[in-house]
Structure formats: structure tokens, C-alpha cells
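Enquirer: full-length UniProt numbering applies: residue 1 is where the sequence shown begins, and numbers increase by one.
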Amino acid sequence: MSENQNLLAEQRRALILDEVRRRGGVRVNELTRKLGVSDMTVRRDLDALARQGVLEKVHGGAVPVVEASTHEPGFEAKSGLELSAKEDIARSAAELVAPGSAIALSGGTTTFALAHRLLDVPDLTVVTNSVRVADVFHAAQRAGSQGQGAATVVLTGGVRTPSDSLVGPVADQAIGTLHFDLLFLGVHGISIEAGLSTPNLAEAETNRRLVQSARRVVVVADHTKWGTVGLSSFAQLEQVDTWVTDAGLPGEVREEIADRVQRLVVAGKDSEETQS
1 MSENQNLLAE QRRALILDEV RRRGGVRVNE LTRKLGVSDM TVRRDLDALA RQGVLEKVHG
61 GAVPVVEAST HEPGFEAKSG LELSAKEDIA RSAAELVAPG SAIALSGGTT TFALAHRLLD
121 VPDLTVVTNS VRVADVFHAA QRAGSQGQGA ATVVLTGGVR TPSDSLVGPV ADQAIGTLHF
181 DLLFLGVHGI SIEAGLSTPN LAEAETNRRL VQSARRVVVV ADHTKWGTVG LSSFAQLEQV
241 DTWVTDAGLP GEVREEIADR VQRLVVAGKD SEETQS
């Protein structure tokens with residue numbers, strides 16, 4: 001990590017979290033030297049990251065939180081995290097959708113934010129295994145905010161997960177008969193070794209079917225998903241056409257995935273786009 005006094009708080013915290021995960025722990029005095037900020041700033045950053053549940057504060061520093069690879073937070077628990085990043089990602093991802101497209105949206109809080117951004121795109125066919133995503137479109141249609149050209153929404157059916165996704169054989173069979181122009185995929189975790197992963201075995205299989213049925217795969221995931229590994233992998237990074245993330249993703253991570261992900265879109269303030 002290079003010293004930089006002008007880093008945004010989210011970028012600085014992403015660097016801290018990456019260092020904690022990579023090294024297994026850091027000390028406050030090490031972070032102040034590396035980041036070129038005050039002891040108080042580092043401690044505030046550690047407090048914020050600890051409140052998010054992504055690291056644990058210890059005397060003089062911090063260590064990673066080691067969650068069970070089967071732990072699956074509920075939709076409400078995840079919906080309050082990284083709100084500005086999710087909105088930035090949703091805004092950029094929506095620009096990839098052309099009127100009249102057939103798209104699929106997986107479950108997740110980022111795809112939920114994206115669904116709101118797609119309400120004004122006419123003549124979409126939307127396939128989703130997310131109850132929450134389907135509700136966004138249905139609520140808009142009931143309220144009359146979607147007129148002519150309203151989306152046609154197909155909800156797959158299946159067994160409901162803690163994150164309000166529908167998975168299992170019913171969902172898998174429905175998805176396997178369809179073909180999408182674009183798949184927007186929310187993920188539990190992303191890493192070089194594990195690729196895209198989830199703590200739910202049935203959801204992993206449903207996500208595999210979604211990937212197989214899509215002409216192009218777009219992952220929508222904020223920087224905190226990097227380095228997280230769930231119980232089951234369902235796709236490799238090389239299967240991702242585009243990853244839309246936020247500016248908190250460290251530069252060294254962007255370089256590391258450049259030869260694996262075809263296109264990286266960094267949304268939000270100081271956003272940039274990297275094409276590999």
C-alpha cells in the first residue's frame with residue numbers, strides 16, 4: 001500500500017481490509033505509516049469496518065473475521081451495507097441494458113438496487129429468481145409508473161433462501177430452458193482461487209444455470225466481496241464478461257484480475273474503466 005493522504009474514506013478502508021485479509025492482521029502504527037494519516041483516522045476506519053462485521057479490532061490493531069463458509073446473511077442484514085457503492089454500481093450497470101433486451105437478474109441487494117434503475121428501460125423481458133427484484137417491477141406496474149413498454153417479468157419459482165432468492169430443481173429447470181442477452185449476477189464472494197462463490201449449495205447450482213443460459217455475464221459486486229469465499233464455487237473469473245464494482249477496489253486488485261475478467265467497470269466518484 002502506498003502512502004496517500006487524499007484517499008477517500010471508502011478507498012482507505014478497502015486498502016485496510018485488503019491488508020488485514022492478506023496478512024492475517026495489522027497494527028495501527030503500521031497503517032498510519034503506510035497510509036500517511038493520523039492514528040485517530042485509522043482507529044475510526046477500524047471502528048467502521050468492525051461495525052460492518054468484516055474485521056475484528058484487537059489491542060493495537062485488527063484481525064480478519066473468520067466466518068463459516070456456510071454462513072449466509074439475510075437480505076435485511078446485507079441491505080444496509082455499502083449503500084452508496086451499490087447505487088453507483090447499479091447506475092453504471094443499467095447503462096449496459098438496451099431497450100427490448102432479455103435479461104436475467106440473480107438475487108442480492110445490488111441486483112435489487114439495479115432493478116430500480118431499469119424501470120425506465122422499455123420493453124424488457126426480465127427473468128429473475130429473486131422475490132425482491134420481481135417485487136420492484138410489480139410494484140411499479142401496480143402504481144402505474146411503468147406505462148407502455150413495461151417489463152415482462154418471469155419469476156422462476158423454487159425454494160426461498162435467507163437472501164430471498166428462489167433456488168433448487170424447480171428454478172434450475174426453468175432457467176435451463178431460457179436464453180438471456182445479459183445476466184446481472186450478485187455474488188457472496190470473489191477471489192482468484194475460488195472464482196465466484198456462495199455459502200448455499202442449492203444457490204450455487206442455480207447460479208451455474210444462470211451463467212450457462214447467458215450470452216454475457218455481468219457481475220455486480222462492491223469491493224468488500226473481494227477475498228470472500230463461500231462454501232461452493234459456481235463460476236471462474238474467466239467466465240465473467242464484465243465486473244461492475246466501486247472505487248473502493250484497490251488498484252493492485254484491479255491489476256491482478258486484468259487478465260481474467262474481460263472488462264472491469266469502476267463506478268462512482270473517480271470512476272474509471274479498464275478493458276483487458
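We treat Cβ as the ideally placed atom computed from N, Cα and C, and that holds for glycine.
Owing to the predicted nature of the structure, the values given are computational and were not obtained by experimental measurement.
Pick from Arg254, Arg132, Lys225 and Arg216: whose alpha carbon is nearest that of Leu155?
Expert: Arg132
Enquirer: Kindly indicate which residue of Asp181, Ala14 and Pro64 has the alpha-carbon position closest to the one of Ser99.
Expert: According to the sequence shown, residue 99 is Pro rather than Ser. When each option's Cα is compared against that of Pro99, the closest is Asp181.
Enquirer: Could you give the residue range of the beta strand (DSSP E) that holds Ala62?
Expert: Gly61 to Pro64
Enquirer: Is Ser92 close to the ligand MN? I mean its beta-carbon at under 8 Å from any heavy atom of the ligand.
Expert: The ligand MN is absent from the structure shown, which contains no ligand whatsoever.
Enquirer: Along the beta strand (DSSP E) that carries Ser197, what are the first and last residues, could you check?
Expert: Gly195 to Thr198
Enquirer: Using DSSP bridges, identify the partner residues of Ile190.
Expert: Note: Ile190 sits in a beta bridge opposite Leu196 and Trp226.
Enquirer: Anyone know if the C-beta pair for Val211 and Trp243 falls short of 9 Å?
Expert: no
Enquirer: How big is the Cα-Cα spacing for Asp120 and Gly149?
Expert: 9 Å
Enquirer: If we call anything under 9 Å between Cβ atoms a contact, is Asp222 one with Ala85?
Expert: Closer than 9 Å, so yes.
Enquirer: Helix, strand or coil, according to DSSP, for Ala202 in the structure here?
Expert: Of the three classes helix, strand and coil, the one that applies to Ala202 here is helix, per DSSP.
Enquirer: Under 8 Å by Cβ, that's how I've got Ala115 and Val97 pegged, so tell me the actual separation to the nearest angstrom.
Expert: At roughly 11 Å, the Cβ-Cβ gap does not stay under 8 Å, so Ala115 and Val97 are not in contact.
Enquirer: Among the residues of its own chain, which have a CB less than 7 Å from the CB of Val261, if the five just before and after it don't count?
Expert: Leu237, Val240, Trp243 and Ser276
Enquirer: Sorted by chain position, which residues of the same chain lie with C-beta nearer than 8 Å to Ser38's C-beta, five sequence neighbours on each side aside?
Expert: Thr32
Enquirer: Can you tell me whether DSSP reads Ser130 as helix, strand or coil?
Expert: Annotated three-state conformation of Ser130 is strand, per DSSP.
Enquirer: In whole angstroms, what separates the C-alpha of Val20 from that of Leu55?
Expert: Cα-Cα distance, rounded: 8 Å.
Enquirer: Which residues bound the alpha helix (DSSP H) around Leu17?
Expert: Element bounds for Leu17: Ala9 to Arg23.
Enquirer: If you follow the alpha helix (DSSP H) that Arg33 is in, where does it begin and where does it stop?
Expert: Val28 to Leu35
Enquirer: For Pro122, count the other beta carbons within 10 Å of its own beta carbon; 16 or more makes it buried, fewer makes it exposed. Which is it?
Expert: exposed
Enquirer: Could you pull the start and end residues of the alpha helix (DSSP H) that Thr152 belongs to?
Expert: Premise fails: Thr152 lies in the beta strand (DSSP E), Thr152 to Leu155, not in any alpha helix (DSSP H).
Enquirer: Where does Ser163 sit, in a helix, a strand or coil, going by DSSP?
Expert: coil
Enquirer: If you run the structure through DSSP and keep just helix, strand and coil, what is Ala104?
Expert: strand
Enquirer: Could you check what DSSP says for Glu56 in three-state terms: helix, strand or coil?
Expert: strand
Enquirer: Measuring straight from C-alpha to C-alpha, what distance separates Leu231 and Ala214?
Expert: If I take the Cα positions, the gap works out to 24 Å.
Enquirer: Glu87 to Asp164, Cα distance in whole Å?
Expert: 20 Å
Enquirer: Under a Cβ-count criterion, where at least 16 other Cβ atoms within 10 Å of its own Cβ denotes burial, should residue 278 be classed as buried or exposed?
Expert: Residue 278 is absent from the structure shown; the chain starts at 1 and stops at 276.
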